[in-house]
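First residue of the sequence shown? That's 1 in full-length UniProt numbering, and the numbers climb one at a time after it. Each residue gets a CB set at the ideal place from its N, CA and C atoms; glycine is no exception. The model shown is predicted, which means the values in this text are computed figures rather than measured ones. This report concerns only the one structure given below.
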Amino acid sequence: MGATTAAADTRVAELVLPRYGFGPDTALRMINLSENATFLVEDGERSAILRVHRVGYHSRADIESELSWLAALREESGVATSEVVPTSGGEWVTTVEVDGEERHAVLFHVVPGIEPDDVALGTADFETLGAITARMHQHARTWRPPHDFHRFSWDWEHSLGDQPRWGRWQDGIGVGPVEEAALGAAVEVVRERLSAYGTGADRFGLVHADLRLANLLVEGDLVTVIDFDDCGFSWFMYDFGTAVSFIEHDPRLPQWQAAWLRGYRSVSELAAEHEAMLATFVMMRRLLLVAWMGSHAHSRECQDLGPGYTAGTVELARRYVASDGASL
Numbered sequence: 001m002g003a004t005t006a007a008a009d010t011r012v013a014e015l016v017l018p019r020y021g022f023g024p025d026t027a028l029r030m031i032n033l034s035e036n037a038t039f040l041v042e043d044g045e046r047s048a049i050l051r052v053h054r055v056g057y058h059s060r061a062d063i064e065s066e067l068s069w070l071a072a073l074r075e076e077s078g079v080a081t082s083e084v085v086p087t088s089g090g091e092w093v094t095t096v097e098v099d100g101e102e103r104h105a106v107l108f109h110v111v112p113g114i115e116p117d118d119v120a121l122g123t124a125d126f127e128t129l130g131a132i133t134a135r136m137h138q139h140a141r142t143w144r145p146p147h148d149f150h151r152f153s154w155d156w157e158h159s160l161g162d163q164p165r166w167g168r169w170q171d172g173i174g175v176g177p178v179e180e181a182a183l184g185a186a187v188e189v190v191r192e193r194l195s196a197y198g199t200g201a202d203r204f205g206l207v208h209a210d211l212r213l214a215n216l217l218v219e220g221d222l223v224t225v226i227d228f229d230d231c232g233f234s235w236f237m238y239d240f241g242t243a244v245s246f247i248e249h250d251p252r253l254p255q256w257q258a259a260w261l262r263g264y265r266s267v268s269e270l271a272a273e274h275e276a277m278l279a280t281f282v283m284m285r286r287l288l289l290v291a292w293m294g295s296h297a298h299s300r301e302c303q304d305l306g307p308g309y310t311a312g313t314v315e316l317a318r319r320y321v322a323s324d325g326a327s328l
């Protein structure tokens, strides 16, 4: 799947680049293949980042909505975000047909900086992330989107419910009867706690939905938020669950959570009832990632972590259920 996808993605990139004024000698290098394919584009005079969307995940209108929030955040909230490079015709999204399928691509200016070192993660990193998250949530609560704005939801139905966007957690790598029983018990506790928590305007709205340190680029004092591809409507505190994606089992999690909360509260108030839900959103995200890895065997994360990630999830699930969802 990966090789075929990569070849088609490269063909999309080759077809769209002339619309941005790039010539036939432009160098094109794939730098990531995960949900989408990302390329570094260079022609000796300028460089850019091209994102080629995978088939069927977003409509053109969905992508244009994402980019409108990106621009609004940059202009109105003080949050630095990636800036779109329009085509020579002024379009934010380029659409071509490859192998009989409609494909979309977006070109971005190169953002200075590097992502935080995932080996040397510190509380300062999470404090910064918490403050950025609070500013984004403040903006989302007051922003009036364009009338045609459309993004999907990370609600119960489309995460762990009957229409899971990333597939069923039961189909994750290494999920057998024993794992299914342990994870299923955790799913039920998550469902019950989310139902009691509700979806009021103070707790549910437009979120990044993948706001982890890997999606920050740091250059001195400038911190830029990237990769809004999953942004949509969910619980605001779900953004903390995404902040610790793939590292939820780390014993430093309590320190990271405390730092994230300090950063968040330096910008915005946060009631204790919302803090009490953080373990549930970490568990929800972990279960979502088990499902995601089951349907994304080509991804770097899946190849690096494999069945061990599911085994670690079972351990977390048992602790979560034993605490009645209060902690991991």
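Asked                                                                                                                                                     : Found
Under the assumption that residue 39 contacts residue 30 (Cβ atoms under 8 Å), give the Cβ distance between them as a whole number of angstroms.          : 5 Å
Let me make sure I understand the geometry here. Which of 124, 138 and 109 has the alpha-carbon closest to that of residue 269?                           : 138
Starting from residue 281, trace the alpha helix (DSSP H) in both directions and tell me its first and last residue.                                      : 278-295
Hey, how far is the Cα of residue 1 from the Cα of residue 11?                                                                                            : Interpretation of residue 1 is limited by its pLDDT of 37, a score under 50 that renders its predicted location unreliable; the figure taken from the coordinates is listed afterwards. Residue 1 and residue 11: Cα-Cα distance of roughly 16 Å.
Write down the C-beta distance between residue 52 and residue 27 rounded to the nearest angstrom, noting that I regard them as a contact closer than 8 Å. : About 16 Å separates the two Cβ atoms, so there is no contact after all.
DSSP three-state label for residue 209, please.                                                                                                           : coil
Touch check for the stretch 257-276 and the stretch 130-145: three-plus C-beta pairs under 8 Å?                                                           : yes
Quick check: the stretch 68-81 against the stretch 219-226, are there 3 or more CB pairs under 8 Å?                                                       : yes
When you compare only the Cα positions, how much space is there between residue 287 and residue 241?                                                      : 11 Å
Can the beta-carbon of residue 93 be found less than 8 Å from the beta-carbon of residue 64?                                                              : yes
If I follow the unbroken alpha helix (DSSP H) through residue 232, where does it start and stop?                                                          : Element bounds for residue 232: not the alpha helix (DSSP H) but the beta strand (DSSP E), 232-235.
Since residue 52 is in the beta strand (DSSP E), which residue starts that stretch and which ends it?                                                     : 47-52
Do the stretch 211-220 and the stretch 109-127 touch if we need at least three Cβ pairs shorter than 8 Å?                                                 : yes
Alpha carbon to alpha carbon, how far is residue 243 from residue 126?                                                                                    : 8 Å
Where do the N-terminal and C-terminal ends of the beta strand (DSSP E) with residue 101 fall, by residue?                                                : 101-109
Starting from residue 27, follow its DSSP beta bridges and name the residues at the other end.                                                            : 42
What is the DSSP secondary structure of residue 215, reduced to helix, strand or coil?                                                                    : helix
Within the stretch 73-151, note down every full beta strand (DSSP E) run reaching 3 residues or more, in order along the chain.                           : 94-98 and 101-109
By how many angstroms is the C-alpha of residue 174 removed from the C-alpha of residue 59?                                                               : 32 Å
Which residues in the same chain have their Cβ closer than 6 Å to the Cβ of residue 204, if we skip the five residues on either side of it in sequence?   : 235
Nearest by alpha-carbon distance to residue 41: which of 54, 50, 33 and 34 is it?                                                                         : 50
Give the range of the beta strand (DSSP E) segment to which residue 222 is assigned.                                                                      : 222-225
Consider the C-beta atom of residue 192 and the heavy atoms of the ligand FAD; say whether any pair is separated by less than 7 Å.                        : You won't find the ligand FAD in this model; it holds no ligand whatsoever.
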